[in-house]
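*Asks:* No gaps in the numbering here: position 242 of the first sequence is 242 in the UniProt record's numbering, and each next residue is one more.
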Amino acid sequence: MVRMGLVRLDEYTIPFVLKVCADVPAVDKGREVHGVVFKLGFDGDVFVGNTLLSLYAGGSIEESRRVFEEMGERDIVSWNSMIAAFSYNGCFGDALVWFGKLRLSNGVKPNSVTVVSVLPVCAELEDGKTVRGIHGYVVKAGFGSQLNICNALVDVYGKCGKIEAAKLAFNEMGQKNVVSWNAVMSGIARNGLAMDALDMFRLMVVAGEKPDSFTLSTLIPVLVELEFFDMGKEVHGYGIRKGLVYDAFVGNSLIDAYAKSGRLKEASNMFHNMNTRSVVTWNAMIANFTQNGLELDAIRLLSEMQIRGEFPNSVTFTNVLPACSRIGCIRQGKEIHAMSFRKGFVFDIFVSNALIDMHAKCGCLTLARNVFESSIRDEISYNTLIVGYSETEHCLKSLGLFSEMGCAGLDHDTVSFVGVLSACTNLTAIKPGKEIHGQLVRKLLHSHLFVANSLLALYTKCGQLDIAKKVFDQVPNKDEASWNAMILGYGMQGELETAINMFDAMRDQGVEYDSVSYIAVLSACSHGGLVERGTKYFSDMLFRGIQPTHMHYACMVDLLGRAGLMEKTVELIKGMPIEPDANVWGAMLGACRVHGNTDLGRWAAEHLFELKPDHSGYYILLSNMYSEKGEWGEANKIRELMKSRRVKKQNQAPPLSLLGFPSGWSRAEKRRKFFAKIEEKTPAKEMEKSSLQGKSKGEEADIKQLRKSLAFKATPMPSFYKEPLLKVDLKKVPTTHPISQIEIHKTSTALIN
DNA sequence: GCAGTCCAAG
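See the structure below:
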């Protein structure tokens, strides 16, 4: 660096020194020189002023502006420097305003440098109108034959969504180079026209232009979009032959392509063979793991990238959060939340939506709501929360959000409808449900498969089989869930013959039975006391290799038990390969009650006392069984037992299994209860424990190790997030039994991707 | 002697 002490500062040396200060950069030294300039009275000189502008271009807009204003005269370089400074500092609006001022000023005219500086600004602001204006100016001013300007025009038109204009500008170019082709292709691709982009690529090859690394990194995502994975492999081969795969962009797109086609190993190979890994590389790899069910590896990679000195960004968090909720790493999820908060990523709508989803999926609806309330919101934010609430006892909030969404000017889509209908189903709220059905018909969405399935769930749950049937008949491509809903509906309504006929019709129509279909038909059989048929269906199911769940066993116990086949029932329970749950024992107890079998009833009840210690109904039922037989002593004993265990008699309906229906809370209900309980006590600990259930020893050790080794430290949630923002407590909603929507939830999972 | 350099990935 130049020692200023040795340099005589005059109007000849000052620009030279200033240039050095700008290049190093040593802005503070430059400021000293600026002082000298001022003192010597050179600040009116255009050339000196321009050098000062270039000194401040990288940082202080205010200083640049002051220099500009204090300049005695300004030339095009001064104006261009100002526009560049605004653009560099992200002040795109100001850059355009100054471009406007320049056009209005007398004497100075924009040149080609101005045009290439302003065009990227238009792209940032997606301001197609201004591009058109600039295009006109380019032609008028005679820059129309400059390749780089035409390329920039094509590019910016594409980025502003003006595809036709981009194509036109491209076609009008007298000569084209590879950049022109790449620009027009990427413009088409980024506007979602993957097929057209591929056609453009073919034309490019026909025209004899050699694809370069830019071409490949545009083309590969296009092939992914079209699911042309084989072609992707060909492109990979071409990249290898031409040495283009060493390009970071190409490598990253290839990782993504292999990940999205489920080729985990190829993606990993790409990752390991890359010599420069950027945050994008890590993100692609994390997405690879999350998408292919290796959630643990996704979370592990988040810490590994930090160990290797790469900082996660908002995309990293968006990709890793779904992994956290899926394997119950709520603590990691919360750490990411805190980290996003510190880094300001919560202001990124993708991150805030992923956070809402993560909290909602983990059952922490209050946290989800807090993020929602303090972020900018789009359709996905609303949908995530609507679906989240619909699986809890606060279903009413789904309805509130659904209408709020409309008031906020956002369009309801199929996910919103599925969510709100699921809430209506849980609430047995037929009236709002019908209104929503009306909206669906107006929007022509009523025969959309997932939506129609939600409608079926609603109408069958509310006992309106006739409407359900009409909806059902209108669905063109019914799936298992559609049939299951109807079978369950008829079964619940007691129209057993119809239920069983539908079950048979289902397969005749070419729709395969799934686990739920058998629950539906078995419950119909048990209603009607059709022991033989039920048993046949059960063995049929085993024969087809469908693993019976607790629900299936509960149905069978109900079926056999009600028919008085106690020995067979006991045999079935004892032979179960899985531990019987409250549904099974509840069905057993119900059967014993019907047949006055206190011995077996006691056996079942004792298991139930263990499994559901707070449930008064079972005690009362057993006690009543004894009193019906006149065994008052035993009856009293049970009442005493209940008292000593401090089980309060609640004003609650008996479990549905005792009413002859295979009961048990739905998955959502179970999850809600589970989370409500642990949220009160030790959220993170219990959550972690539960996420280890059903994992093998190795996996368990892995998860534990991972939790220990995560590179970032847990930070307490800002108190801001702890305060519930919703002060109004909505009326408590009675919980209901959403059995008929077991299949519906599968539509609501892929919200954030 | 001062300003701008086009097209790509998660």
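From the three backbone atoms N, C-alpha and C, an ideal C-beta is built for every residue, glycine too.
Which of the three DSSP states, helix, strand or coil, is assigned to MET274?
*Replies:* coil
*Asks:* So, for ALA267: in the same chain, excluding its five sequence neighbours on each side, which residues have a beta-carbon less than 6 angstroms away from its beta-carbon?
*Replies:* ILE255, TYR258, ALA259, ASN288
*Asks:* Can you tell me where the alpha helix (DSSP H) with TYR537 in it begins and where it stops?
*Replies:* 531-543
*Asks:* Run the CB neighbour count on PRO613, radius 10 Å, all protein chains shown included, and call it buried at 16 or more, exposed below.
*Replies:* Classification for PRO613: exposed.
*Asks:* Taking one C-beta from the segment 239-246 and one from the segment 278-286 each time, how about it: are there three or more such pairs within less than 8 angstroms?
*Replies:* Judged by pairs of C-beta atoms under 8 angstroms, the segment 239-246 does not touch the segment 278-286, as fewer than three such pairs exist.
*Asks:* For GLN509, count neighbouring Cβ atoms within 10 angstroms of its own Cβ and tell me buried if that reaches 16, exposed if not.
*Replies:* GLN509 is exposed by the Cβ-count criterion.
*Asks:* Kindly give me the distance between the Cβ atoms of SER81 and SER60, rounded to whole angstroms, as I take these residues to be in contact under 8 angstroms.
*Replies:* Going by Cβ atoms, the distance from SER81 to SER60 rounds to 13 angstroms, so no, they are not a contact pair.
*Asks:* Give the DSSP-derived three-state secondary structure of THR749 in the structure shown.
*Replies:* With a pLDDT of only 27 at THR749, under the threshold of 50, the placement of this residue in the model should not be trusted, and no figure is reported.
*Asks:* Looking at the structure shown, is HIS236 part of a helix, part of a strand, or coil, going by DSSP?
*Replies:* Helix.
*Asks:* For ALA408, is the classification buried or exposed, using 16 other Cβ atoms within 10 angstroms of its Cβ as the cut-off for buried?
*Replies:* exposed
*Asks:* Using a Cβ-Cβ cutoff of less than 6 angstroms, which residues in the same chain neighbour GLN175 once the five nearest sequence positions on both sides are dropped?
*Replies:* none
*Asks:* Under three-state DSSP, which class holds PRO662?
*Replies:* Reliability fails at PRO662, whose pLDDT of 33 lies under 50, so the model's placement of it is uncertain and the value that follows must be treated cautiously. PRO662: coil per DSSP, three-state reduction.
*Asks:* Does DSSP classify MET492 as helix, strand or coil?
*Replies:* Reduced to three states, the DSSP call for MET492 is helix.
*Asks:* Taking only the alpha-carbon atoms, compute the straight-line gap between MET200 and ALA189 and give it to the nearest angstrom.
*Replies:* Cα to Cα, the separation comes out at about 10 angstroms.
*Asks:* Between the beta-carbon of PHE350 and the beta-carbon of THR384, is there less than 8 angstroms?
*Replies:* no
*Asks:* Answer with buried or exposed for SER657, where buried requires no fewer than 16 other C-beta atoms within 10 angstroms of its C-beta.
*Replies:* For SER657, the predicted model reports a pLDDT of 33, less than 50, meaning its position is unreliable and no value from the coordinates is stated.
*Asks:* Between LYS643 and ASP581, what straight-line distance do the alpha-carbon atoms span, to the nearest angstrom?
*Replies:* 24 angstroms
*Asks:* Have a look at ALA554, MET551, ALA563, ILE546 and flag the residue whose alpha-carbon is nearest the alpha-carbon of LEU530.
*Replies:* The shortest Cα separation from LEU530 among ALA554, MET551, ALA563, ILE546 belongs to ALA563.
*Asks:* On the DSSP letters alone, give me the boundaries of the alpha helix (DSSP H) that ASN353 sits inside.
*Replies:* 349-361
*Asks:* Quick one: Cα of GLU679 to Cα of TYR490, how far?
*Replies:* Residue placement at GLU679 is poorly supported in this model, since its pLDDT is 35, which falls under 50; the coordinates still yield a value, given next. In this structure, the straight-line span from the alpha carbon of GLU679 to that of TYR490 is close to 38 angstroms.
*Asks:* Drop a sphere of 10 angstroms on the beta-carbon of ILE386, count the other beta-carbons inside from all chains shown, and report buried for 16 or more, exposed for fewer.
*Replies:* buried
*Asks:* With a cut-off of 8 angstroms on the beta carbons, I'd call ALA554 and VAL521 a contact; round off their distance for me.
*Replies:* Incorrect: roughly 14 angstroms between the Cβ atoms, too far for contact.
*Asks:* Could you check if GLU63 is buried or exposed, using at least 16 other CB atoms within 10 Å of its CB as the buried criterion?
*Replies:* Label assigned to GLU63: buried.
*Asks:* Hey, SER340 and GLY333: beta-carbon distance below 8 angstroms or not?
*Replies:* Not a contact, by the Cβ cut-off of 8 angstroms.
*Asks:* I need the straight-line Cα distance from VAL184 to VAL138, nearest angstrom please.
*Replies:* 19 angstroms
*Asks:* Below 8 angstroms between beta carbons: does that hold for PHE99 and ILE83?
*Replies:* Yes, the Cβ-Cβ distance between PHE99 and ILE83 is below 8 angstroms.
*Asks:* Who are the Cβ neighbours of PHE68 in its own chain at under 6 angstroms, not counting the five residues just before and after it?
*Replies:* Correct list, in chain order: MET82.
*Asks:* Apart from the five residues just before and just after MET204, which ones in its own chain have a Cβ nearer than 6 angstroms to its Cβ?
*Replies:* TRP181
*Asks:* Cα separation between TYR513 and GLY528?
*Replies:* 21 angstroms
*Asks:* Can you find the residues in the same chain that come closer than 7 angstroms, C-beta to C-beta, to TYR88, ignoring five residues on each side of it along the sequence?
*Replies:* ALA57, GLY58
*Asks:* So, with DSSP's three-state summary, where would you put PRO15?
*Replies:* In the structure shown, PRO15 sits in a helix (DSSP, three-state: H, G or I).
*Asks:* Taking C-beta to C-beta, are MET71 and GLY49 nearer than 8 angstroms?
*Replies:* yes
*Asks:* Excluding the 5 residues flanking ILE163 on each side, which residues of the same chain have their C-beta closer than 8 angstroms to its C-beta?
*Replies:* TYR157, GLY187, ILE188, ASN191, LEU193
*Asks:* Between PHE143 and VAL178, how many whole angstroms is the CB-CB distance? I'm expecting something under 8 angstroms.
*Replies:* Actually they are not in contact, since the Cβ atoms of PHE143 and VAL178 sit about 21 angstroms apart, beyond 8 angstroms.
*Asks:* Three-state secondary structure (DSSP) at ALA152?
*Replies:* In this structure, DSSP gives ALA152 a helical state, which the three-state scheme calls helix.
*Asks:* Determine, using beta carbons only, whether LEU445 and THR425 come nearer to each other than 8 angstroms.
*Replies:* no
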